[in-house]
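Right, one structure below, let's go through it.
In the working numbering, the protein residues as written are 168 to 520.
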């Protein structure tokens, strides 16, 4: 692959990320690749994804240096430009990043030489009954504390505005879209629709729609299922609902999820991948659906998602399961599958043939 322009997203609060950024810039200088820092806010404000990628000269590769939060920042920009994104792992409980900081130069060499695969990830898109905005003073009120808010989402010019289907907003989410209460003593009351049909009305702290990638983030913390990132689905999860049915619902990728604030609901915040993007009032609604475009992430080797799940979540074996015998081996297979199983995706142990 020819890399002409590289966009760099750095977690500036971590010295190791700043040091790794120097390695990336040095690699770019050696290979005559233009490098630009993106998603920075030295002037006290932030820009929308389109403005960022235009200012950076439309990079064809975005490199993130940090944890999953930094990767989400880079994914927002890469998706806007249909660029590849490479995550360098400097976090603590990451599922999204791909390589360590010590391997960043060799990873860039692999991308330049085409020795990688593209990991295609589902993204979420959003329509709403009205444009999303954050009321004046909201940022200081909630003590955001993680840098300036993103600007209000723009209306997508390539999509039709319709009374029933709402306004198409220029946002994408890799993890989740969340509707959550704004004040402690007032839950949100929300009618939840799947494929246009009412599922149920909820009173809850929050309700979220996640991608398979986002199933290990907020949805997991709220008791939702772990879904393979290779799956095609939407995951709806209520957070602390006041009703007996408190389970997640996994829908097909072509089944949109609508969330409408009911008459007696308190106001609700709308967050996209953890970023506050607007406030809803009773009567407002949003529709969440699988985006037509997908994120293209760099994958340098087989993705051991379940091994990472065991490691990151500190999964241990039940004492009763191993009390009177040996624990289960970490690898089930050491040889390739037979012919009738050749279509399956199976990881083999290191050193297996």
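Ideal Cβ placement from N, Cα and C applies to all residues, glycine included.
Measuring alpha carbon to alpha carbon, tell me which of 205, 317 and 426 ends up nearest residue 367. Mapped onto the chain shown, residue 367 falls at position 200. Among 205, 317 and 426, the Cα nearest to that of residue 367 is on 426.
Member of 329, 391, 401 and 397 whose CA lies at the smallest distance from the CA of residue 361: Here the question's residue 361 lines up with position 194 in the chain shown. Per the Cα distances, 401.
Keeping to the same chain, check which residues put their C-beta closer than 6 Å to that of residue 406; ignore five residues upstream and five downstream. In the chain shown, counting from the first residue as 1, residue 406 sits at position 239. Correct list, in chain order: 371, 372, 373 and 389.
What are the boundary residues of the alpha helix (DSSP H) that residue 486 is part of? The residue given as residue 486 occupies position 319 in the chain shown. Element bounds for residue 486: 486-489.
Is the Cβ-Cβ distance between residue 480 and residue 379 less than 8 Å? Here residue 480 is taken as the residue at index 313 of the chain shown, counted from 1. Here residue 379 is taken as the residue at index 212 of the chain shown, counted from 1. Not closer than 8 Å, so no.
Would you report the Cα separation of residue 520 and residue 253, rounded to the nearest angstrom? Locating residue 520 in the chain shown gives position 353, where the first residue counts as 1. Locating residue 253 in the chain shown gives position 86, where the first residue counts as 1. In this prediction, residue 520 scores a pLDDT of 44, lower than 50, which makes its location untrustworthy; the coordinate-derived value is nonetheless stated afterwards. The alpha-carbon atoms of residue 520 and residue 253 are separated by roughly 29 Å.
Given a threshold of 16 other Cβ atoms within 10 Å of its Cβ, counted over all protein chains shown, does residue 304 qualify as buried or as exposed? Residue 304 sits at position 137 when you count from the first residue of the chain shown. Counting Cβ neighbours within 10 Å, residue 304 comes out exposed, since fewer than 16 surround it.
For the candidate residues 432, 413 and 454, whose alpha-carbon lies nearest to that of residue 421? For the purposes of this step, residue 421 is taken as the residue at position 254 of the chain shown. Residue 421 has its Cα closest to that of 454, out of 432, 413 and 454.
Can you give, in chain order, each stretch of the alpha helix (DSSP H) that sits fully within the segment 471-512 and has at least 4 residues? 472-479 and 486-489
Can you tell me where the beta strand (DSSP E) with residue 254 in it begins and where it stops? Counting from 1 along the chain shown, the entry for residue 254 is found at position 87. From DSSP, the beta strand (DSSP E) with residue 254 extends over 251-256.
Leaving out five residues on either side along the sequence, give the residues of the same chain with a beta carbon under 7 Å from the beta carbon of residue 450. The residue labelled residue 450 in the question sits at position 283 within the chain shown. 428, listed in sequence order.
Alpha helix (DSSP H) segment containing residue 335, residue limits: On the chain shown, residue 335 is found 168 positions in, with the first residue counted as 1. Element bounds for residue 335: not the alpha helix (DSSP H) but the beta strand (DSSP E), 334-340.
Can you tell me where the alpha helix (DSSP H) with residue 235 in it begins and where it stops? Numbered from its first residue, the chain shown carries residue 235 at position 68. Here the alpha helix (DSSP H) through residue 235 covers 235-248.
Rounded to the nearest angstrom, how far is the Cβ of residue 438 from that of residue 347, given a contact under 8 Å? What you label residue 438 is simply residue 271 of the chain shown in a count that begins at 1. What you label residue 347 is simply residue 180 of the chain shown in a count that begins at 1. Confirmed, Cβ separation roughly 7 Å.
Kindly list the residues whose CB is nearer than 8 Å to the CB of residue 222, restricted to its own chain and excluding five residues on each side of it in sequence; keep chain order. Residue 222 sits at position 55 when you count from the first residue of the chain shown. The answer, listed in chain order, is 203, 205 and 214.
Spell out a yes or no on whether the segment 489-507 and the segment 462-470 are touching, meaning 3 or more CB-CB pairs, one atom from each, closer than 8 Å. no
If I follow the unbroken alpha helix (DSSP H) through residue 273, where does it start and stop? The residue given as residue 273 occupies position 106 in the chain shown. Residue 273 -> alpha helix (DSSP H) spans 271-279.
Is residue 189 near the ligand MN, with its Cβ less than 7 Å from a heavy atom? Absence of the ligand MN from the depicted structure is noted, as is the absence of any ligand whatsoever, leaving it without description.
According to DSSP, what are the bridge partners of residue 405? One-based indexing of the chain shown puts residue 405 at position 238. Partner(s): 374.
Per-residue DSSP class, three states only, for residue 192: Along the chain shown, one-based indexing puts residue 192 at 25. Residue state, collapsed to three classes: helix.
Tell me, please, which residues DSSP counts as bridged to residue 348. As a working mapping, residue 348 is identified with position 181 in the chain shown. Residue 348 pairs with 435.
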